[in-house]
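Enquirer: Have a look at this one.
Below you can see the structure in the form of structure tokens.
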């Protein structure tokens, strides 16, 4: 066969192959892909589950998943949860290394642990690059109660609310650590919107706690005032109609107050109603 004919045939075969792959990747075929995913869930690679007759079934490691969700929903920090797992001898599925933050967040974001399934979370892979192709249309399907969950719906919902809240806090410059003060992440500057942070300072006669605007301390772009912690807590107690002589109710503050705004001459507590919406 002449060289030109072989080249032409190769180009033609390549076009046929590309057309075939485009047809396979078309949106019309996606439901079939979903069915393939449903027929095999890949649970042999998921901590806490075994795949039995095509269904996810909790196994002897399910207690690890339950502990992570329950402690996170109860307000434990990631560091505290990791320590608890180490103390109890929890092992990872495919690694001998200790649990870390990415591993825990991957578990906390996995809807399979409440009994649900999310099919086709990302675009289908490009057959050449083997990477998700954002140009290909696809449909995500969320299936409720697909299999037996390890954690209760209540615990799952509480965990997801906390994940969402902390994501919003990080966007506002709030990063929590073990031992963080209970008001951190709730006190903000009404002038620039930056969070307030707690500092220890002193004068000639005493040492005391003050809250300072991050926009003033670090960015030096805000002129809003510092405020003593005693003054801040007294202002909050007054707005909540609490007796200033009694001990500050930390739990009630966390439940009732969405955030506290500090301005040049006032402190305003923004409350959260029962549905999680804000009310002044």
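Residue numbers (the numbering used here): 5 to 284. The C-beta atom is built at its ideal place from N, Cα and C for all residues, glycine as well.
If you pair each beta-carbon of the stretch 66-77 with each one of the stretch 153-163, do three or more pairs fall below 8 Å?
Expert: Enough Cβ pairs lie closer than 8 Å, so yes.
Enquirer: Residues bridged to residue 195 by DSSP?
Expert: Along the chain shown, one-based indexing puts residue 195 at 191. Partner(s): none; residue 195 has no beta bridge.
Enquirer: In chain order, what residues of the same chain lie with their CB nearer than 7 Å to the CB of residue 85, ignoring the 5 residues before and after it?
Expert: In the chain shown, the residue the question calls residue 85 occupies position 81. Taken in chain order, the residues that qualify are 72, 75, 76 and 108.
Enquirer: Can you tell which of 244, 187 and 66 has the C-alpha that lies nearest to the C-alpha of residue 216?
Expert: Translated into positions along the chain shown, residue 216 becomes position 212. Checking every option, the nearest Cα to that of residue 216 belongs to 187.
Enquirer: Roughly how many angstroms separate the alpha carbons of residue 52 and residue 254, rounded to a whole number?
Expert: Stepping through the chain shown from its first residue, residue 52 is reached at position 48. Stepping through the chain shown from its first residue, residue 254 is reached at position 250. Distance between the alpha carbons of residue 52 and residue 254: 36 Å.
Enquirer: Could you tell me which uninterrupted alpha helix (DSSP H) segments, each at least 4 residues in length, are contained entirely in the stretch 104-159, listed from first to last along the chain?
Expert: Correct list: 105-112.
Enquirer: What residues in its chain sit with their C-beta under 8 Å from that of residue 212, if we drop five residues either side in the sequence?
Expert: By 1-based counting over the chain shown, the position of residue 212 is 208. Around residue 212: 204, 205, 206, 232, 233 and 234.
Enquirer: Starting from residue 55 and walking both ways along the beta strand (DSSP E), at which residues does that stretch end?
Expert: Here the question's residue 55 lines up with position 51 in the chain shown. Residue 55 -> beta strand (DSSP E) spans 53-56.
Enquirer: Contact criterion: CB-CB distance below 9 Å. Does residue 197 meet it with respect to chain D?
Expert: Included in the structure is just one protein chain, with no chain D present.
Enquirer: Compare the beta carbon distance of residue 151 and residue 180 with 9 Å and say whether it is the shorter of the two.
Expert: Indexing the chain shown from 1 puts residue 151 at position 147. Indexing the chain shown from 1 puts residue 180 at position 176. Contact flag unset, no.
Enquirer: Starting from residue 75, trace the beta strand (DSSP E) both ways and give me its first and last residue.
Expert: The sequence position of residue 75 within the chain shown is 71, counting from 1. That residue, residue 75, is in no beta strand (DSSP E); its alpha helix (DSSP H) goes 66-77.
Enquirer: For residue 185, which option in 237, 166 and 101 has the closest C-alpha, if you only look at C-alpha atoms?
Expert: Sequence index remark: in the chain shown, residue 185 carries index 181 (1-based). Closest option to residue 185, Cα to Cα, is 237.
Enquirer: In the DSSP assignment, the beta strand (DSSP E) including residue 201 goes from what residue to what residue?
Expert: Locating residue 201 in the chain shown gives position 197, counting from the first residue. Start and end: 200-206.
Enquirer: Assign residue 80 to one of three DSSP states: helix, strand, or coil.
Expert: Residue 80 sits at position 76 when you count from the first residue of the chain shown. The answer is coil: DSSP assigns residue 80 none of H, G, I, E or B.
Enquirer: Taking C-alpha atoms, which residue in 128, 195 and 100 lies nearest to residue 142?
Expert: What you label residue 142 is simply residue 138 of the chain shown in a count that begins at 1. Answer by Cα proximity: 128.
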